[in-house]
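Just so we're aligned, residue 0 is where the sequence shown starts under numbering that gives the first Met the number 0, counting upward by one. Yeah, the Cβ is synthetic: ideal placement off N, Cα and C, and Gly gets one too. The next block holds one structure in the form of structure tokens; read it before the comments.
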Amino acid sequence: MADDDSLQKADRKCKIPLSVFFSDVRHVVKMDELGLEVLRIAVPAAMALAADPIASLIDTAFIGHLGPVEIAAVGVSIAIFNQASKVTIFPLVSITTSFVAEEDTVQRISSETPENGSAKTIETKRELQPEDVKLENMEKGSSTVKNEKKDPYPEAENDSTTCKSQKDEMKQLHKERRHIPSASTALIVGAVLGLMQTIVLIFAAKPLLHIMGVKSDSPMLSPAKKYLTLRSFGSPAVLLSLAMQGVFRGFKDTKTPLYATVAGDLTNIVLDPLFIFSLRLGVSGAAIAHVVSQYLILAILCWRLMKKVVLLPPNRKHLQFNRFLKNGFLLLARVIAATICVTLAASRAARLGPTSMAAFQVCLQVWLTSSLLADGLAVAGQAIIACAFAEKDYQKATIAATRVLQMSFVLGLGLALVVGLGLRFGDVIFSKDTNVLNIIGLGIPFVAATQPINSIAFVFDGVNFGASDFTYSAYSMVLVAVASIAAIFLLSKTSGFIGIWVALTIFMGLRMFAGVWRMGTGTGPWRFLRG
Numbered sequence: 000m001a002d003d004d005s006l007q008k009a010d011r012k013c014k015i016p017l018s019v020f021f022s023d024v025r026h027v028v029k030m031d032e033l034g035l036e037v038l039r040i041a042v043p044a045a046m047a048l049a050a051d052p053i054a055s056l057i058d059t060a061f062i063g064h065l066g067p068v069e070i071a072a073v074g075v076s077i078a079i080f081n082q083a084s085k086v087t088i089f090p091l092v093s094i095t096t097s098f099v100a101e102e103d104t105v106q107r108i109s110s111e112t113p114e115n116g117s118a119k120t121i122e123t124k125r126e127l128q129p130e131d132v133k134l135e136n137m138e139k140g141s142s143t144v145k146n147e148k149k150d151p152y153p154e155a156e157n158d159s160t161t162c163k164s165q166k167d168e169m170k171q172l173h174k175e176r177r178h179i180p181s182a183s184t185a186l187i188v189g190a191v192l193g194l195m196q197t198i199v200l201i202f203a204a205k206p207l208l209h210i211m212g213v214k215s216d217s218p219m220l221s222p223a224k225k226y227l228t229l230r231s232f233g234s235p236a237v238l239l240s241l242a243m244q245g246v247f248r249g250f251k252d253t254k255t256p257l258y259a260t261v262a263g264d265l266t267n268i269v270l271d272p273l274f275i276f277s278l279r280l281g282v283s284g285a286a287i288a289h290v291v292s293q294y295l296i297l298a299i300l301c302w303r304l305m306k307k308v309v310l311l312p313p314n315r316k317h318l319q320f321n322r323f324l325k326n327g328f329l330l331l332a333r334v335i336a337a338t339i340c341v342t343l344a345a346s347r348a349a350r351l352g353p354t355s356m357a358a359f360q361v362c363l364q365v366w367l368t369s370s371l372l373a374d375g376l377a378v379a380g381q382a383i384i385a386c387a388f389a390e391k392d393y394q395k396a397t398i399a400a401t402r403v404l405q406m407s408f409v410l411g412l413g414l415a416l417v418v419g420l421g422l423r424f425g426d427v428i429f430s431k432d433t434n435v436l437n438i439i440g441l442g443i444p445f446v447a448a449t450q451p452i453n454s455i456a457f458v459f460d461g462v463n464f465g466a467s468d469f470t471y472s473a474y475s476m477v478l479v480a481v482a483s484i485a486a487i488f489l490l491s492k493t494s495g496f497i498g499i500w501v502a503l504t505i506f507m508g509l510r511m512f513a514g515v516w517r518m519g520t521g522t523g524p525w526r527f528l529r530g
């Protein structure tokens, strides 16, 4: 009877996919197996993402002692380097995480021995449609039903003997070095992109600085060119290390990247005063210190990764360049579309004058920095969902997706409170100018109120990437960008500073709506939700 009720309840949910977002909402903060798995992945990922900006702030503080010209020059160079890296890093890391998670899961499944029946069971599940899996589950023995009652997480469908056997096989598999084609492909792509970025930044340093407003007669040109040229030699390390981070995330290991990042950033902080002041290298010393730290991060990640996988493929046929390039270009279009919206908003704020621009920059940095915690949840959701889809375990994918989305909403509410109060009472940290502080006050309601929207939107990125829904992610972002660009132009002219923030709110709201629409209507990879 209980089985019939559960099946009818599940069928009702499938008829209205939108209701899936509210399923088991009471478990949003429950520390069950799924909740703990999400936190194990999300917390180190968020800390690793936050470590680099913190190190950059300390880096900037050291450079600031050289003078206003030097810090301004380095600021421009860092902006160029970060923009060049962003368009290559984001697609590479996102694709690598999903592909590695899928291949790791498939290899784990294929390694399971038929003696315990698990391989046959999982292989059968991979061929069944969702409704067939439900019927199959109903035919299982009473022990399975009891397990399901104790733990709603799908892994409880297997009996204790099978689960123990699978865990033992998983441990054995993870002790051996494996060949993961996506990992090898990601490293090669990362190395090539890193070398290309180095060449472009070295030979195009002066034209790029000119585009950023550093003219030939500017005192900033010489230090900016020195810093950008030296910093560009670290591009291969940056791209390769982030590709490796994508591999570790695919293995649901975010602690190793955290340890490597912290070690590298601490090295950078120690070397900065030594190179800048003791050796009197100035901005060149700051760039060298940063490059050294990046190669240290690469060395640590490479050493750890060599224990897990075979870095070089035995045959070129095993590489997946076509798959990487196809999805990489889609995500590249997505990154460019999102970047254009934020950059355009900043340019419209600059037209309002230095005071408005200063206030906008403070609000924008707080607005973007608070998203790092949501990105941690997005990484966790992507890894778990990618594994679930590789197993054809749609129930697990659905539960994981709804849980991280519900957690993102709770996180957003918390961030709204912290950011709102923090900016209201701590804005003097950023500026002493009364006019700037007054304009910051106008932006606080938007920066705080959009935190739940931002968190959900960012986590939806991880959900879509976990489902390998790269095409929809790219096309939807382009459409969102078109509408948002029009809003930024129109509202900035009519309402100034407030209009720009209204437009950015529309931008993030549309991003969230795109994610809700895809999963909530049961289309694309989520069509199984419609039954």
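Taking just the CA atoms, how far does G495 sit from A259?
Counting from one through the sequence shown, the residue named residue 259 turns up at place 260. Counting from one through the sequence shown, the residue named residue 495 turns up at place 496. When rounded, the distance between both Cα atoms is 44 Å.
Based on Cα-Cα distance, which residue from F445, M511 and K307 lies nearest to H178?
If you number the sequence shown from 1, residue 178 lands on position 179. The shortest Cα separation from H178 among F445, M511 and K307 belongs to K307.
Does the beta-carbon of Q82, which I'm using as the reference point, lie nearer than 6 Å to any heavy atom of the ligand FAD?
This structure does not include the ligand FAD; it has no bound ligands of any sort.
Leaving out the 5 sequence neighbours to the left and right, which residues in its chain are closer than 6 Å to A389 when beta-carbon positions are compared?
As a working mapping, residue 389 is identified with position 390 in the sequence shown. Cβ neighbours of A389 beyond the five flanking positions: E101, T104 and V105.
Between F320 and chain D, is there a C-beta pair that is closer than 7 Å?
Chain labels in this structure do not include chain D; a single protein chain is all it has.
For the putative contact between S292 and D264, defined by C-beta atoms under 8 Å, what is the C-beta separation to the nearest angstrom?
For the purposes of this step, residue 292 is identified with residue 293 of the sequence shown, where counting begins at 1. For the purposes of this step, residue 264 is identified with residue 265 of the sequence shown, where counting begins at 1. Confirmed, about 6 Å.
Go through its chain and collect everything with a Cβ distance to L310's Cβ below 8 Å, but skip five positions before and after it.
Sequence index remark: in the sequence shown, residue 310 carries index 311 (1-based). Excluding residues within five positions, the ones whose Cβ falls inside 8 Å are A182, S183, L186, C301 and L304.
Under three-state DSSP, which class holds V27?
As a position in the sequence shown, residue 27 is number 28, starting the count at 1. V27 falls in the coil class under three-state DSSP.
Could you name the residues that DSSP lists as bridge partners for V309?
Numbered from its first residue, the sequence shown carries residue 309 at position 310. Beta-bridge pairing links V309 to no other residue.
G543 and L91 look like a contact to me (Cβ under 8 Å); what is the Cβ gap, rounded to whole Å?
A query on residue 543 cannot be resolved here, the shown segment of the chain reaching from 0 to 530 and no further.
When DSSP labels each residue in this structure, what does R423 get in the three-state scheme?
In the sequence shown, the residue the question calls residue 423 occupies position 424. Correct three-state label for R423: helix.
Could you check the C-alpha separation between K254 and V86 for me, to the nearest Å?
As a first step, residue 254 must be located in the sequence shown, where it is residue number 255. As a first step, residue 86 must be located in the sequence shown, where it is residue number 87. If I take the Cα positions, the gap works out to 25 Å.
Three-state secondary structure (DSSP) at C162?
Along the sequence shown, read from residue 1 onward, the residue named residue 162 stands at position 163. The predicted model places C162 with a pLDDT of 46, which falls under 50 and marks its position as unreliable; any figure quoted below should be read in that light. Note: C162 maps to helix in three-state DSSP.
Specify the secondary structure class of R350 as computed by DSSP and reduced to three states.
Position 351 of the sequence shown holds residue 350. If DSSP states are grouped into helix, strand and coil, R350 belongs with coil.
Rounded C-beta distance between L241 and T397? I'm assuming under 8 Å.
The residue given as residue 241 occupies position 242 in the sequence shown. The residue given as residue 397 occupies position 398 in the sequence shown. With a Cβ gap of about 30 Å, L241 and T397 do not count as contacting.
Which residues bound the alpha helix (DSSP H) around I268?
Working through the sequence shown from its first residue, we reach residue 268 at position 269. K254 to P272 is the extent of the alpha helix (DSSP H) around I268.
Check whether the segment 432–449 and the segment 470–488 touch, using three or more Cβ-Cβ pairs below 8 Å as the test.
Segments in contact, no.
What do you get for W366, buried or exposed, if any count of 16 or more other CB atoms within 10 angstroms of its CB means buried?
As a position in the sequence shown, residue 366 is number 367, starting the count at 1. It counts as buried.
Per DSSP, which residues does R177 bridge with? Please list them.
The residue you call residue 177 lines up with position 178 of the sequence shown. R177 is bridged to V308.
Please go through the same chain and pick out, in chain order, the residues whose beta-carbon is closer than 8 Å to the beta-carbon of L318, but skip the five residues on each side of it.
Sequence index remark: in the sequence shown, residue 318 carries index 319 (1-based). Within the same chain, L318 has close Cβ partners P180, S183, T184, I187 and P312.
According to the neighbour-count rule (16 or more other Cβ atoms, all chains shown, within 10 Å of its Cβ), is W516 buried or exposed?
Indexing the sequence shown from 1 puts residue 516 at position 517. Exposed: under 16 other Cβ atoms inside 10 Å.
Does the separation of the CB atoms of R510 and A466 fall below 7 Å?
To locate residue 510, count along the sequence shown from 1; it is residue 511. To locate residue 466, count along the sequence shown from 1; it is residue 467. No, they are not a contact pair.
Quick check: the Cα distance between K395 and F61, rounded to an integer number of angstroms?
Counting from one through the sequence shown, the residue named residue 395 turns up at place 396. Counting from one through the sequence shown, the residue named residue 61 turns up at place 62. Answer to the nearest angstrom: the Cα atoms are 48 Å apart.
Which value, in whole angstroms, describes the spacing of the CA atoms of T520 and R402?
Position 521 of the sequence shown, counted from the first residue, corresponds to residue 520. Position 403 of the sequence shown, counted from the first residue, corresponds to residue 402. Approximately 18 Å, taken between the alpha carbons.
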